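Participant:
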Amino acid sequence: MNRDLNICVVIPVHQPVPSVHELISLKAAASKLNIYDCYLVHPQGMDISAYTAVFANLILQPVDALCLTSVEQYNKLKLNLAFYKLFEAYQYMLTYELDAYIFDADFEAVGALEFDFIGAPFFEGYWDAAPGAQLVKGCNSGFSIRNNHSCIQVLSAMGRFKPGWFLYRVSLAYSSRLRQWLNKITGGKYEIYLSGKFAFYFADFHLNEDVVWTEVVPQMFPCFKVADPISALKFSFEYNLADSLRLNGDKLPLGCHAWQKHIDFWGPYIDARKPTNDLE
Numbered sequence: 001m002n003r004d005l006n007i008c009v010v011i012p013v014h015q016p017v018p019s020v021h022e023l024i025s026l027k028a029a030a031s032k033l034n035i036y037d038c039y040l041v042h043p044q045g046m047d048i049s050a051y052t053a054v055f056a057n058l059i060l061q062p063v064d065a066l067c068l069t070s071v072e073q074y075n076k077l078k079l080n081l082a083f084y085k086l087f088e089a090y091q092y093m094l095t096y097e098l099d100a101y102i103f104d105a106d107f108e109a110v111g112a113l114e115f116d117f118i119g120a121p122f123f124e125g126y127w128d129a130a131p132g133a134q135l136v137k138g139c140n141s142g143f144s145i146r147n148n149h150s151c152i153q154v155l156s157a158m159g160r161f162k163p164g165w166f167l168y169r170v171s172l173a174y175s176s177r178l179r180q181w182l183n184k185i186t187g188g189k190y191e192i193y194l195s196g197k198f199a200f201y202f203a204d205f206h207l208n209e210d211v212v213w214t215e216v217v218p219q220m221f222p223c224f225k226v227a228d229p230i231s232a233l234k235f236s237f238e239y240n241l242a243d244s245l246r247l248n249g250d251k252l253p254l255g256c257h258a259w260q261k262h263i264d265f266w267g268p269y270i271d272a273r274k275p276t277n278d279l280e
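Here the sequence shown stands for residues 1 to 280, numbered as in the UniProt record's numbering.
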């Protein structure tokens, strides 16, 4: 493992008393990620002693409490340029939500740093994906690595799309013939202005930030490189776990997301005993 990698770890929390499962996830982070600067992103003024009791080396990063009051507000935070600039000193940002679990931090071994965004791959149907569903473009954010500098570049340039978004939204939304013609000659690139997917950044519209980063941003910024599904499986699993394991050559990924929802699968691999302050 390269201890010199320029990575920070961001652990977002919103309540002062973590669940037993969240403490298990935090203990894993304390064990596997302690060589990196690990930031506890928490509401300003919240008691965080339950977290530091398990992971004493956490660096505290308070944010406006509103940013962590709901999933929607959290998604907006993760699309906010100011948030990424808090960690501008680091090239890479590992997001580690406390429904994630890390087995190994050898990020270079799986090529995780070759991409601008990598996380558990999506299957067709997303949360409702059926066994045998096809892998599709996009990655989950709950346990993910993104190139922080690339994210800053994207968000810094986002404003230039606002006039175009407004123009296409107003001019073409009600003209199906013109819309079809435009999609034909542009390969559908600007359809995103009309479908509402990109409106999240400019309007009061809710869309998960990982969908924005891994499905929307690459359409607008082709240089933004999202991990392909097979590469992403080496890094993390979330859905269709039996299929994921098979597709990954019966090897565990570096980590996983939403493990608490799939105890039957993850139980043999995750020590679900209640953690104490002793990390040994």
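Cβ coordinates follow ideal geometry from the N, Cα and C atoms, glycine included. Here the structure is a predicted model, which means the values were calculated and not measured.
Kindly indicate which residue of Leu-79, Gln-260, Ile-24 and Cys-67 has the alpha-carbon position closest to the one of Asn-148.
Facilitator: Here residue 148 refers to the residue found at position 148 when the sequence shown is read from its first residue. For Asn-148, the nearest C-alpha among the options comes from Leu-79.
Participant: What would DSSP say about residue 295, mapped onto helix, strand or coil?
Facilitator: Only positions 1 to 280 of the chain appear in this structure, which leaves residue 295 out of reach.
Participant: So, at 6 angstroms on beta carbons, what are the nonlocal neighbours of Ser-144 in its own chain, with the 5 sequence-adjacent residues on each side left out?
Facilitator: Looking up residue 144 in the sequence shown gives position 144. Cβ within range, chain order: Thr-95 and Gly-119.
Participant: So is Glu-215 buried or exposed if we call it buried at 16+ other beta carbons inside 10 Å?
Facilitator: Here the question's residue 215 lines up with position 215 in the sequence shown. It counts as buried.
Participant: I need the DSSP call for Ser-49, collapsed to helix, strand or coil.
Facilitator: Counting from 1 along the sequence shown, the entry for residue 49 is found at position 49. Helix at Ser-49.
Participant: Tell me the rounded alpha-carbon separation between Trp-266 and Ser-25.
Facilitator: The residue you call residue 266 lines up with position 266 of the sequence shown. The residue you call residue 25 lines up with position 25 of the sequence shown. Each residue's alpha carbon lies about 13 angstroms from the other.
Participant: Excluding the 5 residues flanking Leu-155 on each side, which residues of the same chain have their C-beta closer than 8 angstroms to its C-beta?
Facilitator: For the purposes of this step, residue 155 is identified with residue 155 of the sequence shown, where counting begins at 1. Cβ within range, chain order: Leu-79, Asn-80, Leu-81 and Tyr-84.
Participant: Three-state secondary structure (DSSP) at Trp-266?
Facilitator: Along the sequence shown, read from residue 1 onward, the residue named residue 266 stands at position 266. Reduced to three states, the DSSP call for Trp-266 is helix.
Participant: Beta-carbon separation of Ile-59 and Asp-37 under 8 angstroms?
Facilitator: Locating residue 59 in the sequence shown gives position 59, counting from the first residue. Locating residue 37 in the sequence shown gives position 37, counting from the first residue. It is a contact, given that the beta carbons lie within the stated cut-off.
Participant: Between Cys-256 and Ala-105, how many whole angstroms is the CB-CB distance? I'm expecting something under 8 angstroms.
Facilitator: The residue given as residue 256 occupies position 256 in the sequence shown. The residue given as residue 105 occupies position 105 in the sequence shown. With 8 angstroms as the limit, Cys-256 and Ala-105 do not qualify as a contact, their Cβ atoms being about 14 angstroms apart.
Participant: Alpha carbon to alpha carbon, how far is Pro-229 from Asn-277? Give it in angstroms, no decimals.
Facilitator: Position 277 of the sequence shown, counted from the first residue, corresponds to residue 277. Position 229 of the sequence shown, counted from the first residue, corresponds to residue 229. Note that Asn-277 scores a pLDDT of 44, beneath 50, so its modelled location is shaky and nothing firm can be said.
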